[in-house]
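Residue numbers (our numbering), protein chains in the order written: chain C, 1 to 346; chain X, 1 to 346; chain H, 1 to 346; chain R, 1 to 346. Just so you know, even glycine gets a beta-carbon here, dropped at the ideal spot from N, CA and C. Scroll down for the structure; my scribbles are underneath it.
Number of protein chains: 4
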Amino acid sequence: MLKAAICGGSGYTGIELLRILSGHPRVEVTAVTSEKSAGRRLCDLFPHLHSYGGMTFEPMEKERLLSKADLFFLALPHGASQEAVHYFFSRKKHVIDLSADYRISDVSVYESWYGTPHQFAATLQKAVYGLPEIYRSRIRKARIIANPGCYPTSAILGLLPAVRNRLVDARSIIIDSKSGTTGAGRKADVAVAYCEVNEGFKAYGIGTHRHTPEIEQEISCLAGEKVTVDFTPHLLPADRGILTTIYAKLSKTISQDKVFAAYHAAYRKEPFIRLLPPGVYPNIKNVRGSNFCEIGLKLNTRTNTLIIVSAIDNLVKGASGQAVHNMNIMMGFEETEGLRSISLFP
Amino acid sequence: MLKAAICGGSGYTGIELLRILSGHPRVEVTAVTSEKSAGRRLCDLFPHLHSYGGMTFEPMEKERLLSKADLFFLALPHGASQEAVHYFFSRKKHVIDLSADYRISDVSVYESWYGTPHQFAATLQKAVYGLPEIYRSRIRKARIIANPGCYPTSAILGLLPAVRNRLVDARSIIIDSKSGTTGAGRKADVAVAYCEVNEGFKAYGIGTHRHTPEIEQEISCLAGEKVTVDFTPHLLPADRGILTTIYAKLSKTISQDKVFAAYHAAYRKEPFIRLLPPGVYPNIKNVRGSNFCEIGLKLNTRTNTLIIVSAIDNLVKGASGQAVHNMNIMMGFEETEGLRSISLFP
Amino acid sequence: MLKAAICGGSGYTGIELLRILSGHPRVEVTAVTSEKSAGRRLCDLFPHLHSYGGMTFEPMEKERLLSKADLFFLALPHGASQEAVHYFFSRKKHVIDLSADYRISDVSVYESWYGTPHQFAATLQKAVYGLPEIYRSRIRKARIIANPGCYPTSAILGLLPAVRNRLVDARSIIIDSKSGTTGAGRKADVAVAYCEVNEGFKAYGIGTHRHTPEIEQEISCLAGEKVTVDFTPHLLPADRGILTTIYAKLSKTISQDKVFAAYHAAYRKEPFIRLLPPGVYPNIKNVRGSNFCEIGLKLNTRTNTLIIVSAIDNLVKGASGQAVHNMNIMMGFEETEGLRSISLFP
Amino acid sequence: MLKAAICGGSGYTGIELLRILSGHPRVEVTAVTSEKSAGRRLCDLFPHLHSYGGMTFEPMEKERLLSKADLFFLALPHGASQEAVHYFFSRKKHVIDLSADYRISDVSVYESWYGTPHQFAATLQKAVYGLPEIYRSRIRKARIIANPGCYPTSAILGLLPAVRNRLVDARSIIIDSKSGTTGAGRKADVAVAYCEVNEGFKAYGIGTHRHTPEIEQEISCLAGEKVTVDFTPHLLPADRGILTTIYAKLSKTISQDKVFAAYHAAYRKEPFIRLLPPGVYPNIKNVRGSNFCEIGLKLNTRTNTLIIVSAIDNLVKGASGQAVHNMNIMMGFEETEGLRSISLFP
């Protein structure tokens with residue numbers, strides 16, 4: 001049994017890790033930290049976690065944690081992860097970081113979007129961007145995984161086959177994303193109060209959201225040229241799910257069949273990608289609670305545009321499920337271990 | 001008092017007309033028709049309409065209705081309106097048609113998107129597209145109003161100042177819309193059942209939605225050239241509201257201040273347009289139950305794109321409220337009569 | 001025009017007063033206070049209130065407010081209202097207090113349930129419990145209105161005819177209430193965060209909710225004997241509305257017709273009570289945004305129990321709408337002034 | 001591997017069985033029937049079931065099904081199950097019936113509440129009411145399980161220790177239940193349309209719901225005397241979950257500690273009952289997607305009433321999960337097999 005610790009375990013991604021790992025036959029969760037809730041039992045804050053029995057949240061004392069686990073999931077705020085990743089990595093541990101701190105390989109880009117210096121540039125070079133559909137072979141050998149952001153996961157998976165195969169002009173990409181409210185985290189804030197979100201819908205952070213450089217990094221890499229993208233996130237009155245609608249101009253005349261063929265070729269062996277047939281489009285409700293990404297395609301010949309729609313559960317494929325997937329690859333477990341449950345519909 | 005009849009009064013736009021007109025001091029609703037519910041009292045189907053007392057839905061017997069009203073709101077299915085509009089118009093009545101039958105001035109475009117011939121091409125030429133912000137002076141003299149579709153209202157109002165002033169390249173327009181479920185109408189259909197829609201979100205009719213030619217007609221007219229647009233509707237887990245996010249490439253370098261100035265100039269006298277300051281974006285919750293359209297703007301200099309966000313209540317500004325606004329203009333009432341109530345927040 | 005001030009205007013009951021009063025032809029809101037938001041424009045916090053123009057929240061400086069208004073709506077926290085009511089009342093103003101501070105006429109009962117002494121027992125005796133259906137004639141002459149709590153309004157209106165006419169045994173009453181989340185107020189609190197409330201439902205404060213003594217005071221008064229009741233509130237995943245289901249044992253054999261007759265007699269002249277026919281039951285959706293109370297009845301002869309269901313909008317009939325109703329009565333305006341709008345359905 | 005067939009597999013309980021069984025290591029689903037959808041692939045109607053590959057819904061041809069499976073889950077409408085249960089039972093199969101047809105042991109009671117004769121009275125006597133917490137030992141030897149209704153499951157589990165131990169007067173029981181909308185089934189019906197249910201809440205079938213005799217049968221049995229109960233169901237704007245609030249008069253003075261002790265004694269070995277500590281009450285959100293029943297208790301000494309609150313997921317513990325639990329017991333599998341996943345929170 002692999003001993004795993006979760007640092008920052010009382011947020012939504014933390015408790016989602018606990019939910020998923022409770023059904024993983026090869027992992028034992030040996031410690032869960034929470035600054036705010038240290039000393040309290042998991043099941044007192046979260047009755048649904050009663051199968052963890054009397055386990056309590058503990059303070060983030062890194063030295064003590066070292067002896068408790070071999071793999072560390074870090075679900076800490078951006079910035080706070082920098083030092084923790086370095087600490088565990090330099091003591092020979094495996095680290096899966098769910099923050100943004102190790103996702104952006106260009107330190108200056110990180111610093112300009114996140115407004116804080118990066119103290120561990122050398123360690124940063126050891127991190128692998130944890131999108132298995134692109135970096136599976138590197139993940140196998142990694143000891144630091146920068147687990148992708150939720151929006152970037154949905155956007156990059158939607159675009160990968162089209163951009164890599166030069167079906168579209170990468171400079172024309174427009175990404176319109178809509179996320180459930182768990183994406184904002186678990187917090188006391190009027191902005192996410194029930195009566196403010198329910199029956200509402202809005203865009204936010206237009207052109208300034210911090211997931212933008214992460215998307216641009218990966219799309220540029222796939223395109224073989226540096227690109228900028230328009231990315232607009234919206235807040236959905238739903239708990240879970242991201243639906244991303246992507247618009248890209250075709251780089252040449254191509255049939256819809258060829259487009260589907262390119263997507264099929266890219267994804268047919270992927271265990272968590274579900275390519276939908278022509279005319280069928282994703283719904284966040286179909287992936288809720290599962291690690292699947294649904295993708296639908298429409299080639300609009302009137303406007304010469306490829307429209308790609310992808311759907312994920314932001315807490316699973318967009319965070320904790322993908323983290324477990326990365327763990328499975330890194331530790332040599334079967335890739336789908338702990339991640340096979342069907343989505344909860346309805 | 002103006003005598004008004006509502007044909008097709010048991011759907012969501014019909015009962016919304018009844019709600020709004022109940023507070024209008026210059027209109028008396030003298031008849032409401034419904035094929036399915038003829039003979040039943042309004043308040044038996046809709047307890048909230050009890051202020052209409054014992055009034056009953058009646059069958060759509062046009063001849064009998066003639067004597068009852070001077071103005072007819074038609075909330076009938078597409079296709080069914082063609083003949084009814086012609087009938088009341090040719091008998092000297094005022095008609096406000098909430099269907100699509102008289103919105104598309106080019107008969108061949110109508111026929112190809114709606115899949116049915118238009119039998120009254122001559123009458124069609126008398127109809128005025130009822131978007132007051134563009135056609136106010138023509139509405140004043142009209143006797144047939146083609147009340148705009150909900151999506152087109154949100155899209156055209158968002159784009160009007162930018163396209164008319166040539167701030168953007170009209171051929172680059174991408175329209176990503178999200179609508180509450182009342183937009184699908186009141187019907188027995190598993191696709192709109194609570195447990196299918198709740199906690200879900202999906203795109204539908206990508207590139208094929210019938211509101212596309214309506215948007216293109218008006219944007220082409222504003223642009224002075226024929227344009228096609230990408231238009232993608234989505235279904236929101238909310239009762240009311242459309243939020244439309246629009247992307248358009250700038251036609252030249254321009255400052256954000258100048259963009260706001262153009263919008264301010266276009267809309268400062270409009271009673272139902274609310275231009276939000278820079279950095280503030282619309283929320284459908286802020287317009288719920290009201291006739292307002294909120295508009296927010298972001299000039300993304302990294303990508304040379306103007307992003308426009310508009311929000312309306314699809315049943316009010318997107319349907320019945322706009323119909324009453326058109327009535328007010330057409331009949332010489334004060335424009336905001338019956339439409340002054342503040343939105344129901346939260 | 002009556003000059004009215006709202007003290008504590010940035011919570012949900014405060015902004016609901018602003019919404020309702022914006023359509024009241026005989027009232028001008030001259031001041032709105034908010035400790036937290038003093039100095040900020042109403043429309044910056046609440047875009048839907050833009051019709052109040054540049055009006056700003058001001059600090060609660062009572063002396064300065066004196067000159068600005070003749071009637072004061074107090075939407076302050078419990079406890080904070082005690083002194084404010086006394087202050088304005090003793091300076092000859094009319095006061096409508098939406099807190100619980102002046103609802104409980106027995107000071108010792110207030111103190112034991114609210115855990116704080118009452119400093120103004122003499123002033124308390126001047127207050128009238130503002131339920132028009134019981135105390136209309138006293139409200140006419142009052143200068144202090146203790147506006148009823150939301151749960152008590154729904155419970156007392158449901159029970160009034162049955163208890164007053166001795167149809168049921170008042171000692172057997174069980175009140176099971178379910179409230180929308182606005183009832184918890186506008187606040188930064190994880191407990192009312194969207195993702196905690198949505199898709200959830202729970203009971204809280206069983207047997208200990210502070211609305212219990214308020215209900216017992218009025219039911220005891222109607223019954224002519226001192227009674228205790230079981231009262232269980234629940235939190236609904238909805239913005240607005242309270243549905244209360246009440247169980248009471250019949251005191252004697254009686255037909256359902258007689259029960260309906262008693263309710264009809266009690267309420268037929270009431271402008272805001274809607275008695276539903278046998279077999280039809282209330283829905284909070286039918287009263288949303290309106291000042292109506294819907295009541296449905298079922299006499300269960302198998303169990304000898306009368307089941308009463310009532311529905312109100314907690315922010316309107318359960319708070320701000322009832323406050324305006326009280327104002328109308330107190331100031332001699334038409335009772336329904338400002339309160340005639342139909343509920344927003346759907 | 002046990003071969004299991006699901007008859008009536010395209011409703012919500014049917015697809016929930018498919019979801020749960022997909023993770024059960026000892027069961028293979030060999031056939032799924034659906035009259036309406038015969039011939040269509042499971043994943044075409046329900047994309048989340050894509051792990052069932054090309055499996056198609058088939059018509060309900062009993063003879064052909066006989067050779068395909070050894071255990072039959074029947075998720076057919078009430079009435080339709082009568083003959084099917086008899087058919088498979090008399091051909092030596094195991095049957096778990098999710099309809100009400102075999103729940104009521106007294107044929108005359110069944111016939112008077114369901115309005116249809118029971119054709120198989122002899123077979124009815126072979127059926128065991130499948131509530132494991134009461135009938136575990138009989139379930140082990142049964143070949144027909146009458147799987148309990150969702151409301152009865154929540155009510156009976158809440159009451160069991162109190163009634164069996166004579167803590168309360170069984171003739172005073174009042175059951176106020178609130179159910180998510182999946183309880184109404186998957187159907188094309190305006191009454192369950194999103195815009196009718198969302199932001200609404202109502203009671204229905206007061207005193208007449210068909211789950212009443214089922215509750216009374218089991219409570220009478222536990223009480224050792226024939227009792228009637230007040231039972232009021234309500235419709236929640238949520239997908240899943242039943243919360244039941246139960247009121248019962250204490251039969252004698254008893255301390256809260258003793259009440260908790262009785263519940264603890266009854267349930268401490270039960271794998272799916274979660275007794276909450278004093279002051280903590282259930283939330284349907286904490287059991288969503290899981291087979292758990294949460295129970296909370298409050299002894300109100302002011303009114304001499306025990307208030308019991310129970311929460312289940314109506315599709316799991318209230319239907320398909322309990323059916324799998326019954327299968328596990330009947331077939332000698334480990335009781336929690338296939339049912340260990342933690343609830344999906346949030």
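Let me check one thing: in DSSP terms, what residues is residue i bridge-paired to?
| i | result |
| --- | --- |
| S179/C | L235/C, I242/C |
| V197/X | V197/X pairs with nothing; no bridge assigned. |
| S310/H | T244/H, I295/H |
| L250/R | V168/R |
| I20/C | In DSSP, I20/C forms no bridge with anything. |
| H94/R | L71/R |
Helix or strand or just coil, what does DSSP make of residue i?
| i | result |
| --- | --- |
| D257/C | helix |
| L297/X | strand |
| H325/C | helix |
| E28/X | strand |
| D230/C | strand |
| L76/R | coil |
| K317/C | helix |
| Y151/X | helix |
| D44/C | helix |
| E83/H | helix |
| L276/X | coil |
| L49/R | helix |
| A5/X | strand |
| K126/R | coil |
| A146/H | strand |
Keeping to the same chain, check which residues put their C-beta closer than 6 Å to that of residue i; ignore five residues upstream and five downstream.
| i | result |
| --- | --- |
| A4/R | V27, V29, A69, L71 |
| Y263/C | P161, L275 |
| T212/H | F231 |
| F201/H | none |
Round the Cβ separation of residue i and residue j to the nearest angstrom and send it over; I've been treating them as touching at under 8 Å.
| i | j | result |
| --- | --- | --- |
| K269/C | S172/C | Between S172/C and K269/C the Cβ distance is about 29 Å, and since that is not below 8 Å, they are no contact. |
| N291/R | C150/R | 13 Å between Cβ atoms; not a contact. |
| T349/X | I307/X | With chain X covering 1 to 346 only, the question about residue 349/X has no answer from this structure. |
| G180/C | L236/C | 5 Å |
| E58/H | A38/H | 6 Å |
Which same chain residues, not among the five before or five after residue i, have their C-beta less than 7 Å away from its C-beta?
| i | result |
| --- | --- |
| Y102/H | V85, L124, A127, I144, A146 |
| L243/C | K178, P282, I284, V309, A311 |
| S51/R | S22 |
| R136/C | I329 |
| S251/H | R166, L167, V168, D169 |
| S320/C | T13, E16, L17, I20 |
**Message:** With three or more beta-carbon pairs closer than 8 Å as the criterion, would you say the stretch 22-31 of chain H touches the stretch 78-96 of chain H?
**Reply:** no
**Message:** Can you confirm whether the stretch 43-54 of chain H touches the stretch 271-287 of chain X when touching is taken to mean that 3 or more C-beta pairs between the two stretches lie within less than 8 Å?
**Reply:** yes
**Asked** Are three or more beta carbon pairs between the stretch 180-198 of chain C and the stretch 185-196 of chain H nearer than 8 Å?
**Response** yes
**Stretch pair the stretch 132-144 of chain R + the stretch 318-332 of chain R: three plus CB contacts closer than 8 Å** = yes
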